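Chemist: Would you mind keeping the following structure in view while I ask a few things?
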Amino acid sequence: MSKPVTVTLGRLAETAQAYVAEGRYASMSEVMRAGIRALEREQQALDSIYRAKVAEALADQREAVPLAKGFAEVRERIARDRDA
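Here UniProt numbering is used: position 12 in the sequence shown is 12, and no number is missing along the way.
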């Protein structure tokens with residue numbers, strides 16, 4: 001069941017109102033729903049990317065690098081780049 005919600009859009013209110021005035025959307029509610037749907041699509045895309053990256057990392061058969069060694073290598077690179 002729908003429940004009324006009050007939203008403060010700040011500077012985005014003008015943009016949303018322009019969408020309605022131009023006929024792109026029939027109401028502010030439609031603008032808000034479209035925005036939330038877009039956020040859902042974006043989050044799903046990011047979730048897919050994250051899952052793929054995790055799967056890639058788990059499938060990597062290279063030997064793990066101890067954390068201290070990894071930090072030492074990064075510090076060496078930074079020092080080298082700074083001195084270059």
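The beta carbon of each residue, even a glycine, is placed where N, CA and C say it ideally should be.
All of these numbers come straight from a predicted model, not from anything done at the bench.
Any contact of the segment 5-19 with the segment 27-40, i.e. 3+ C-beta pairs under 8 Å?
Modeler: Counting Cβ pairs under 8 Å, three or more are found: they touch.
Chemist: Can you find the residues in the same chain that come closer than 6 Å, C-beta to C-beta, to V31, ignoring five residues on each side of it along the sequence?
Modeler: Here the set comprises A16, Y19, Y25.
Chemist: Compare the Cα-Cα distances from T6 to each of E56, E22, M28 and report the closest residue.
Modeler: Ranking the options by Cα distance to T6, first place goes to M28.
Chemist: What's the gap between the Cα of R80 and the Cα of K53?
Modeler: Taking the straight line joining both Cα atoms gives about 29 Å.
Chemist: Between which two residues does the alpha helix (DSSP H) harbouring G10 extend?
Modeler: That residue, G10, is in no alpha helix (DSSP H); it is neither H nor E in DSSP.
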